[in-house]
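Participant: With the working numbering applied, the sequence shown covers 22 to 222.
Below is the structure I would like to discuss, written out as structure tokens.
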Amino acid sequence: MNGRKGQRQGGGSLSEQLFVCAVVAFYCVILAVSFNRSLAAGFGMIGLTLAIGLLIFAYAWRRERQAARKLVADRTSDLEKAATDHDAAIEAVFMGRGEGWAFSAFGVAGAAGKLIFARETDEKERTRVLEFEQLAAAFARPDGDKSYRLEVRTRAGDDHSPRAALYLRVEQRAEAERWVQVLQPHLGERVRFVGTADAPP
């Protein structure tokens with residue numbers, strides 16, 4: 022069964038490669054014919070190709086920006102809805118990629134003593150609301166060359182539920198430092214900035 026599936030995937034990949042080769046070959050023939058007719062036609066063909074390429078690039082860039090804005094809007098909506106449901110107001114928001122590369126967000130509702138976590142998922146429950154008392158620790162730490170990890174760890178519940186870790190990654194050190202500054206008045210020594218990726222939190 023797996024062998025047949027692998028053969029189908031390999032066949033599909035080969036077909037795609039052959040199609041691309043055929044398109045490139047056809048373009049080269051058209052380009053050669055254009056230059057054979059005149060230099061102006063040949064260079065016009067090159068110019069048209071570049072223009073089409075730029076349009077495709079611009080369209081892809083626009084679609085990517087729209088998708089990014091939608092992710093931010095969706096997570097903001099999730100945070101606001103969860104805050105409203107718990108009579109809280111979001112005072113600070115942090116967004117980035119979390120577990121499984123899912124776009125995630127933390128919302129700090131300091132006056133209500135709550136931290137709200139929202140993530141991109143197809144599941145019905147996209148948000149989790151935590152009381153500050155439930156948090157055993159929170160920290161920011163380097164996570165690779167160009168990102169920082171913002172994380173909270175919950176205490177074990179009275180019902181013997183295990184501790185959980187919720188996190189997301191941001192690209193700016195300033196965001197990591199802001200995370201600590203925002204939570205410091207509420208968590209005190211339970212929140213800190215860890216200087217290196219391999220240091221214990």
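Glycine included, every Cβ here is placed at the ideal spot set by N, Cα and C.
In this text the structure is predicted, and so the values were computed from the model without any measurement.
(1) Just curious, the beta strand (DSSP E) that Ile111 is in, first and last residue?
(2) Under a three-way DSSP split, which group does Ser55 fall into?
(3) Can you tell me which of Trp122, Gln87, Ala126 and Lys167 puts its alpha carbon nearest to the alpha carbon of Phe115?
(4) What residue from Phe160, Arg96, Ala103 and Gly216 has the CA that sits closest to Glu210's CA?
(5) Is Phe135 helix, strand or coil by DSSP?
(6) Could you give the C-beta distance for Ala133 and Asp106, rounded to a whole number, given that I count them as a contact under 8 Å?
(7) Compute the Euclidean distance between the alpha carbons of Gly24 and Ser36, then round it to the nearest angstrom.
(8) Are there 16 or more other CB atoms within 10 angstroms of the CB of Arg190, so buried, or fewer, so exposed?
(9) Please work out which residues of its chain come closer than 7 Å, Cβ to Cβ, to Ala123, disregarding the five sequence neighbours upstream and downstream, and give them in chain order.
(10) For Ala113, which option in Leu208, Val203, Gly216 and Phe214 has the closest C-alpha, if you only look at C-alpha atoms?
(11) Beta carbon of Glu198, beta carbon of Ser168: below 8 Å?
(12) Thr175 and Leu151 look like a contact to me (Cβ under 8 Å); what is the Cβ gap, rounded to whole Å?
(13) In this structure, does DSSP put Val129 in helix, strand or coil?
(14) Buried or exposed for Ala103, going by 16 or more other Cβ atoms inside 10 Å?
(15) Pick helix, strand or coil for Ala197, following the three-state DSSP scheme.
(16) Considering only residues of the same chain and omitting the five flanking positions on each side of Asp95, which have a CB-CB separation below 6 Å?
Facilitator: On the basis of the data shown:
(1) Looking at the DSSP string, Ile111 is not in any beta strand (DSSP E), and its letter there is neither H nor E.
(2) Note: Ser55 maps to helix in three-state DSSP.
(3) Between Phe115 and the set Trp122, Gln87, Ala126 and Lys167, the nearest pair of CA atoms involves Ala126.
(4) Nearest of Phe160, Arg96, Ala103 and Gly216 to Glu210, Cα basis: Phe160.
(5) Note on identity: in this sequence residue 135 is Lys, with Phe being the wrong assignment. The three-state reading of DSSP puts Lys135 in strand, counting E and B together.
(6) Contact between Ala133 and Asp106 fails: their C-beta atoms lie close to 11 Å from each other, not under 8 Å.
(7) In this prediction, Gly24 has a pLDDT of 46, which is less than 50 and means its spatial position is unreliable; what the coordinates show is noted afterwards. Distance between the alpha carbons of Gly24 and Ser36: 18 Å.
(8) Counting Cβ neighbours within 10 Å, Arg190 comes out buried, since at least 16 surround it.
(9) Closer than 7 Å at Cβ, skipping near neighbours: Arg140, Glu141 and Thr142.
(10) Ranked by Cα distance from Ala113, the first of Leu208, Val203, Gly216 and Phe214 is Val203.
(11) Not closer than 8 Å, so no.
(12) Indeed, because the Cβ distance is near 6 Å, the residues count as touching under 8 Å.
(13) Val129 falls in the strand class under three-state DSSP.
(14) With 16 or more Cβ atoms within 10 Å of its Cβ, Ala103 is classed as buried.
(15) Here Ala197 sits in helix by DSSP.
(16) Closer than 6 Å at Cβ, skipping near neighbours: no residue.
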